[in-house]
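Quick note on our numbering: the sequence shown kicks off at 2 and runs consecutively.
Below is one structure, written out as structure tokens; the observations come after it.
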Amino acid sequence: MDTRSSGEGESVSQEVASLVDYLWTEAIGCLNSTLSVPLESIKLQKVQEAEAILMSLKKEDNNIQPDQITMIEEFDNTQNKEKISKLWEEFDSLIPHQIKIKDSTVNKGLIAEKQNLCQLIRDMVTISEATNMSTVSSHLAKYKALRCHIEALHPEEAEYKAIKELAIEEQTGSNDIIVLNVFSLHRPVEDINYRHGLGRQKLLFHASRVRNFVGILSRGLLLPTIVVDDFGGQRSDAGMLGHGIYFADRASTSAKYSSPGMLGSRFMLVNKVALGKSKEYRKFTKDLTRPPDGYNSVIGVKATETQPSDFKDDEFVVYDTKQQQMRYLVEFALPEDDIIARDNVSVDSGFVEEPLDNEVYRFISNEVFFYADEIEVDLSDVMSIPDPLLKVEAGLKGTADKPVPLKAVHIRAKLLDLAAQVVVMQAYCNNSDVPIEAKYVFPLDDMAAVCGFEAFINGKHIIGEVKEKEQARKEYREAISAGHGAYLMDEETPDVFTVNVGNLPPAASVLIKITYVAELTVEGELICFRLPGSVAPWQRTQAHDDVTQTDVDTICVDEENQSNTSVQVSVEMPFEIRAILCPGHDVKVKRTSTKAVVEMAPGGTLGSGFQLQIQLAEIHVPRMWVERHDTEADSQACMLAFYPEFESGPPHHVEVIFVLDASCSMKGKALQEAKKLTLMCLSLMEEEWAFNIVVFGSNYSELFTQSQKKDKETVARAAKFVKSVKAVKGSTDLWRVLRSLYLLRCNSTADYPSNVFLFTDGHVTEESTTLAYIRDIRPTCNRHFLRSMARVGAGAYELFDSKVKSKWERKVESQLSKARQPVLTSVKVAWQQHDSYAKPPVQAPHDIVSLFNGSRQVVYGLVDNCTQVLHQLTARAIIRDWEEGSLDPNHTKHEMAKRDMKDFIISLSKRFSIVSQFTSFVAIEHRKKV
Numbered sequence: 002m003d004t005r006s007s008g009e010g011e012s013v014s015q016e017v018a019s020l021v022d023y024l025w026t027e028a029i030g031c032l033n034s035t036l037s038v039p040l041e042s043i044k045l046q047k048v049q050e051a052e053a054i055l056m057s058l059k060k061e062d063n064n065i066q067p068d069q070i071t072m073i074e075e076f077d078n079t080q081n082k083e084k085i086s087k088l089w090e091e092f093d094s095l096i097p098h099q100i101k102i103k104d105s106t107v108n109k110g111l112i113a114e115k116q117n118l119c120q121l122i123r124d125m126v127t128i129s130e131a132t133n134m135s136t137v138s139s140h141l142a143k144y145k146a147l148r149c150h151i152e153a154l155h156p157e158e159a160e161y162k163a164i165k166e167l168a169i170e171e172q173t174g175s176n177d178i179i180v181l182n183v184f185s186l187h188r189p190v191e192d193i194n195y196r197h198g199l200g201r202q203k204l205l206f207h208a209s210r211v212r213n214f215v216g217i218l219s220r221g222l223l224l225p226t227i228v229v230d231d232f233g234g235q236r237s238d239a240g241m242l243g244h245g246i247y248f249a250d251r252a253s254t255s256a257k258y259s260s261p262g263m264l265g266s267r268f269m270l271v272n273k274v275a276l277g278k279s280k281e282y283r284k285f286t287k288d289l290t291r292p293p294d295g296y297n298s299v300i301g302v303k304a305t306e307t308q309p310s311d312f313k314d315d316e317f318v319v320y321d322t323k324q325q326q327m328r329y330l331v332e333f334a335l336p337e338d339d340i341i342a343r344d345n346v347s348v349d350s351g352f353v354e355e356p357l358d359n360e361v362y363r364f365i366s367n368e369v370f371f372y373a374d375e376i377e378v379d380l381s382d383v384m385s386i387p388d389p390l391l392k393v394e395a396g397l398k399g400t401a402d403k404p405v406p407l408k409a410v411h412i413r414a415k416l417l418d419l420a421a422q423v424v425v426m427q428a429y430c431n432n433s434d435v436p437i438e439a440k441y442v443f444p445l446d447d448m449a450a451v452c453g454f455e456a457f458i459n460g461k462h463i464i465g466e467v468k469e470k471e472q473a474r475k476e477y478r479e480a481i482s483a484g485h486g487a488y489l490m491d492e493e494t495p496d497v498f499t500v501n502v503g504n505l506p507p508a509a510s511v512l513i514k515i516t517y518v519a520e521l522t523v524e525g526e527l528i529c530f531r532l533p534g535s536v537a538p539w540q541r542t543q544a545h546d547d548v549t550q551t552d553v554d555t556i557c558v559d560e561e562n563q564s565n566t567s568v569q570v571s572v573e574m575p576f577e578i579r580a581i582l583c584p585g586h587d588v589k590v591k592r593t594s595t596k597a598v599v600e601m602a603p604g605g606t607l608g609s610g611f612q613l614q615i616q617l618a619e620i621h622v623p624r625m626w627v628e629r630h631d632t633e634a635d636s637q638a639c640m641l642a643f644y645p646e647f648e649s650g651p652p653h654h655v656e657v658i659f660v661l662d663a664s665c666s667m668k669g670k671a672l673q674e675a676k677k678l679t680l681m682c683l684s685l686m687e688e689e690w691a692f693n694i695v696v697f698g699s700n701y702s703e704l705f706t707q708s709q710k711k712d713k714e715t716v717a718r719a720a721k722f723v724k725s726v727k728a729v730k731g732s733t734d735l736w737r738v739l740r741s742l743y744l745l746r747c748n749s750t751a752d753y754p755s756n757v758f759l760f761t762d763g764h765v766t767e768e769s770t771t772l773a774y775i776r777d778i779r780p781t782c783n784r785h786f787l788r789s790m791a792r793v794g795a796g797a798y799e800l801f802d803s804k805v806k807s808k809w810e811r812k813v814e815s816q817l818s819k820a821r822q823p824v825l826t827s828v829k830v831a832w833q834q835h836d837s838y839a840k841p842p843v844q845a846p847h848d849i850v851s852l853f854n855g856s857r858q859v860v861y862g863l864v865d866n867c868t869q870v871l872h873q874l875t876a877r878a879i880i881r882d883w884e885e886g887s888l889d890p891n892h893t894k895h896e897m898a899k900r901d902m903k904d905f906i907i908s909l910s911k912r913f914s915i916v917s918q919f920t921s922f923v924a925i926e927h928r929k930k931v
């Protein structure tokens, strides 16, 4: 076993320990005085959503004037006032405050202040993973969490004197700096990424608030999310040259953007900055996001007697974090500051001090910790698991004694290439002598979307409407309370839908007609259409227990009448149909070259499910279908289907590196399931493949010094290695592993592909890191980051949900098959429209990750100016992409885009009758009282 880490044997001096405690106390103190909940209760996803709200506030009105103007004065119309007030309420629900934000105190500077608060929370949550939150508070543990080498310089050292001289030169006397301490800094990741070859490298100053330095030291300086000057807020730079990182060549200039901490001192960075070729400005230019073409940086040049300028001091700005690295931290004071020596103060971080046990000592000493004995990992619940649907007897069991028999089921489907429209008609009746609320639950493919709901009862035809979920449920409850008939359809999960037939009269017969559209799967050379036979019991129970009203008894459909079932499927394909197969059922088929009609033989039953397989002559040829809306002439929907086949032979050699996250955030169930996935991959991986296993956190360990061929001995060693892993490896420093793999294994080719499988929750440090293959095993994972890694690394990612372990083996096999396949990256669709002023189509998926050999990819586009089936499938794809896809490479902008699109998603759901997480079908039958 090979173990590597950074800073091995590193110790912390008294001066550095005192500094770390001081900075930590400032950060925690700010949060404790602001938040009404413990820091550990705030998840990073909530912080992302809160930052998206702040960006939405900025977007509301770009003409907001500076501070001390109330929100009511800033926004002219009532609609904006209400929207802004609602946004602040949402922000406070995500980041609970001790003192609630009032409308009368909301101003533009507050937006910037809350952005800084979000960044502080993000920093402290991230680095607290390495200290194990409240259980570890030693100086060494806090220092390690910063992931930055800090060394106190002695005043007599030449390096100290040089930095002090740099800080106090050209002082005017009005704002003289008093240097208290100088610390040298080194962040390995900054040194690796720094643009050493760029010219004009200078030592420049950057100051900030004391409470920000825990975050700054742990992750470096960041490009600003919001240019604070637009909002009249205070920031650690001037903000007059746009979204960049600001520096000054005089310490007195940077000192203006500092503030004293609780001990009276301030802090300022001395950074090495690669300026390259600089563009000079004498006018404020606040909209810059990058240097002009041909330049690497910009300079705001101060005014002189002969050259007027908007700038009072020289300001240097870079727009790439790789153009700067921290070299020194200067602790200083201004003449008006009251300094309290740290030696005379008991600094309390707010964490509970506990004795260090051997386990924690091993962690903070950078030793890799494993269990002395391997812990057994049971794979029986994830391998060779049959589909739960296959084990379910037809019919549903209710809580009442009187069942509602299902009398008949009739299914009519239309297949158009990879799209399907399915109509399901279910007839059942109330055999009891009292009115009841019947609930029927049925499964669908997770790529399906319900788009029609109708009910026929006692000679009346009732058509459902899609409405926002709460409104639909309200109307449903009110109708039942008034004695009317009511029908409600909800999406329980992406593959389970429920129909509530409220207040069904005694002896009444009801026909429910449900229409849904679905995207078909492709297996090998076959297009597959499936109908489930019945519902999984755990899904049924959960849906049945959902209480929607309390006026009448709720019971469920008792059983399916297997003898009264019919299935008819019409098929239309773009190419010649070579064969139609229906394993498990007798069918009658009528066909031409590209069309066919398939009907299940009389007396047939669905049983465990119905499957139709269609073989085409040219299944790998790309094609596009265009559909015009039936009633909206200017609306078109497009479906573009890719199923690539590359001309390449099987690889001569395949290498797989399994990278297992053992950081503190993976404790408990997450790590146990990651181990199961790793062992499952080892079991299913092909013989002759070479592999290695890397376990990482703040440091990392490798099973072998180099990859070994799979055989009984290596698999046994690997299993023992994986089973002994324990999640006490600090923070999630994935970049260290990736850099090592990049340097040692950069020769991956089509004949010798090298793949990386990562098992993680996705909450990592240094998110700019890229990776080829992604595995995720937590429901609270950072999905956006995992998608980004897969996109940049030419790979794919999967979410492994512990609720549906029956799908794990199939997902692992799919990803292993991709490990040996060639892949297309940077795939984009260019939509050509005749109207040059037309808006670009709304596309789903918005971001195409990678396209593997033999893997299907369907892209949908909705054009405001393509039969109805494609419109509804396109709407479903857009809604699903909104829920699970990536709308922007930047996570905060992705969350902002989701917020901005929510109303559009609801509108799309209503327009095309698509049930989503926000909407439901509801139909009311108004009955006259007798």
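We treat Cβ as the ideally placed atom computed from N, Cα and C, and that holds for glycine.
None of the values given here were measured: they were computed from a predicted structure.
Item, Value
"Beta-carbon within less than 7 angstroms of I907's beta-carbon, same chain only, minus the 5 sequence neighbours each way: which residues are those?", "E469, F919 and T920"
"How big is the Cα-Cα spacing for V843 and R624?", "19 angstroms"
"In the DSSP output, which residue or residues are listed as bridge partners for M327?", "N272"
"If you draw a straight line from the C-alpha of R148 to the C-alpha of S910, how long is it?", "47 angstroms"
"How would you write the range of the alpha helix (DSSP H) that E689 sits in, first residue to last?", "That residue, E689, is in no alpha helix (DSSP H); it is neither H nor E in DSSP."
"At what residues does the alpha helix (DSSP H) containing F214 begin and finish?", "F214 to R220"
"Any idea what DSSP makes of K303, helix, strand or coil?", "strand"
"May I ask which residues mark the beginning and end of the beta strand (DSSP E) holding L527?", "L527 to P533"
"DSSP three-state label for H98, please.", "strand"
"For E659, write down the residues that DSSP places opposite it in a beta bridge.", "Note that residue 659 is Phe in the sequence shown, not Glu. Answer is I694 and F758."
"Here's the rule I'm using: 16 or more other beta-carbon atoms within 10 Å means buried, otherwise exposed. How should S684 be labelled?", "exposed"
"Please report the straight-line C-alpha distance between Y195 and A717, rounded to a whole angstrom.", "42 angstroms"
"To the nearest angstrom, how far is the alpha carbon of M681 from that of P846?", "30 angstroms"
"For my contact list, R188 and Q325 are in at a C-beta cut-off of 8 angstroms; report their separation, rounded to the angstrom.", "11 angstroms between Cβ atoms; not a contact."
"DSSP on G277, reduced to helix/strand/coil?", "coil"
"Can you tell me whether DSSP reads M601 as helix, strand or coil?", "strand"
"Leaving aside the five residues before and after S260 along the sequence, list all residues of the same chain whose C-beta is less than 6 angstroms from its C-beta, in chain order.", "R210"
"So F317 and L270 are in contact, right, with Cβ under 8 angstroms, and what is the actual spacing, rounded?", "Not quite, the Cβ-Cβ distance comes to about 13 angstroms (not below 8 angstroms), so this is no contact."
"To the nearest angstrom, how far is it from the Cα of E90 to the Cα of F697?", "40 angstroms"
"If you follow the alpha helix (DSSP H) that K711 is in, where does it begin and where does it stop?", "From DSSP, K711 is part of no alpha helix (DSSP H); its letter is neither H nor E."
"Do you know how far the Cα of H654 is from the Cα of K710?", "10 angstroms"
"Can you tell which of K303, S279 and G221 has its C-alpha closest to the C-alpha of K323?", "G221"
"Is F333 near R267, with beta carbons less than 8 angstroms apart?", "yes"
"Would you mind giving the Cβ-Cβ distance between V588 and A602, rounded to the nearest angstrom? I have them listed as a contact below 8 angstroms.", "6 angstroms"
"Under 8 angstroms, do M125 and T893 count as touching if we go by C-beta distance?", "no"
"At what residues does the beta strand (DSSP E) containing N182 begin and finish?", "I179 to H187"
"Per DSSP, which one or two residues make a beta bridge with F248?", "F317"
"Hey, would you say L874 sits closer than 8 angstroms to M640, going by beta carbons?", "yes"
"Would you say A878 and F913 are within 8 angstroms of each other, going by their C-beta atoms?", "no"
"Between which two residues does the beta strand (DSSP E) holding E479 run?", "Not the beta strand (DSSP E): E479 falls in the alpha helix (DSSP H), residues K470 to S482."
"Taking three-plus beta-carbon pairs below 8 angstroms as touching, is the segment 506-522 in contact with the segment 418-426?", "yes"
"Give me the DSSP bridge partner(s) of S567.", "H411"
"Tell me the rounded alpha-carbon separation between K392 and G610.", "Note that K392 scores 44 on pLDDT, short of 50, meaning its location in the model is unreliable; the coordinates nonetheless yield the value given after this. Approximately 11 angstroms, taken between the alpha carbons."
"So, helix, strand or coil for E257, using DSSP?", "A small fix is needed here, since residue 257 is Lys in this sequence, not Glu. It is coil, neither helix nor strand."
"Determine whether the beta carbon atoms of V695 and I658 lie at a separation below 8 angstroms.", "yes"
"Compare the beta carbon distance of V723 and K676 with 8 angstroms and say whether it is the shorter of the two.", "yes"
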